[in-house]
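Peer 1:
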Amino acid sequence: MKKLALRYSLEFIVIVFGISISFYLEKQNALSYKEDLKNESLSKLKDNINAEIDGLIFDIKVHSNASKYGDIIYDRGEDLYMKNKDSLGFYLSYVIYATTIYVDNNEEYSSLKNSGLIELIENRNLISLLQNKYSQHSYYKEAGNMFTELYFDNNSLRKYLDSKNRKKHWGLPAYSTSFKSDMKYINDTEINMISSKSILHKLYSNLLKEALKTDSLILKEISKEISINL
């Protein structure tokens, strides 16, 4: 009788142990599957950010140039008017038409967050960087829209530009042309307008440079996070 009871006890223990192992393996497989999904999502996010970096580098160059050219007009515009109207027209047309469009590409981050996969990220610094990055996107977009509005609202300055011998501006939906030979030099109000635009371009360029630094840090942290789980 004792042997029979011992046998049943052992069988019961084996069954319970087997069920426990089965549940454990199932849980581990589910967790492993979620880890794979998280890493796949992070890889896609990494690709998106690499594309964004290319765009940021382009935008920084456009706005840095616009700021620099505005300063040149403010400092040496009258001298250029007397000696080199082609260069003055080049700088003025660039300042007038300099604009970029900020593309808010946050779909993969939203998917990562809404699916709950972001909770599986072990690197807390990465989570903080991502939250900071995407919380700033609306601000970048609003600032970019401001330059788009200015692009269509510079009629008072366009009158100075000749319509002949135009050349395509690098990176802009606009042409470079000479300052009209029969026009007087830009008035003080318009010079101040150009100076104000130059300051705005400089501020936006600096803002984008900070975004570029953040994106570079995020890429490093994503690589660390993915390598941990390989």
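Under this note's numbering, think of the first position of the sequence shown as 78, with each following residue one higher. Ideal Cβ positions, reconstructed from N, Cα and C, are used throughout, including at glycine. Here the structure is a predicted model, which is why all the values come from computation and not from measurement.
1) Look at isoleucine 295 and isoleucine 134 and say whether their C-beta atoms are less than 8 Å apart.
2) Could you give the distance in angstroms between the alpha-carbon of lysine 190 and the alpha-carbon of leucine 206?
3) Which residue wins for smallest C-alpha separation from lysine 286, given the options Ile130, Glu112, Gly221, Arg243?
4) If you reduce the DSSP assignment to three classes, tell me which class serine 215 lands in.
5) May I ask which residues mark the beginning and end of the alpha helix (DSSP H) holding glutamate 19?
6) Quick check on the burial criterion: 16 or more other C-beta atoms within 10 angstroms. Buried or exposed for alanine 60?
7) What would DSSP say about glutamate 103, mapped onto helix, strand or coil?
8) Can you tell me whether serine 240 is helix, strand or coil according to DSSP?
9) What residue from Met260, Ile150, Glu117, Leu284 has the CA that sits closest to leucine 194's CA?
10) Could you check what DSSP says for serine 255 in three-state terms: helix, strand or coil?
11) Taking the straight line between their C-alpha atoms, what separation do you get for methionine 159 and serine 144?
Peer 2: Reading from the atomic positions:
1) To locate residue 295, count along the sequence shown from 1; it is residue 218. To locate residue 134, count along the sequence shown from 1; it is residue 57. Against a cut-off of 8 Å, the Cβ pair of isoleucine 134 and isoleucine 295 comes out as no contact.
2) Position 113 of the sequence shown holds residue 190. Position 129 of the sequence shown holds residue 206. Looking at the two C-alpha atoms, the distance is approximately 14 Å.
3) For the purposes of this step, residue 286 is identified with residue 209 of the sequence shown, where counting begins at 1. Selected option, being the one with the closest Cα: Ile130.
4) Along the sequence shown, read from residue 1 onward, the residue named residue 215 stands at position 138. Of the three classes helix, strand and coil, the one that applies to serine 215 here is helix, per DSSP.
5) Since the first residue shown for the chain is 78 and the last is 307, residue 19 is missing from the structure and cannot be characterised.
6) An answer regarding residue 60 cannot be provided, because it is not within the stretch 78 to 307 covered by the chain.
7) Position 26 of the sequence shown, counted from the start, is the residue given in the question as residue 103. Any reading at glutamate 103 must be qualified, since the residue scores a pLDDT of 49, below 50, and its modelled position is unreliable; the value itself is stated next. Correct three-state label for glutamate 103: helix.
8) The residue given as residue 240 occupies position 163 in the sequence shown. Serine 240: coil per DSSP, three-state reduction.
9) Numbered from 1 along the sequence shown, position 117 holds the residue referred to as residue 194. For leucine 194, the nearest C-alpha among the options comes from Glu117.
10) Start at 1 with the first residue of the sequence shown, and residue 255 comes out as number 178. In the structure shown, the three-state DSSP call for serine 255 is coil.
11) Against the sequence shown, residue 159 aligns to sequence position 82. Against the sequence shown, residue 144 aligns to sequence position 67. If you take the alpha carbons of methionine 159 and serine 144, they lie about 22 Å apart.
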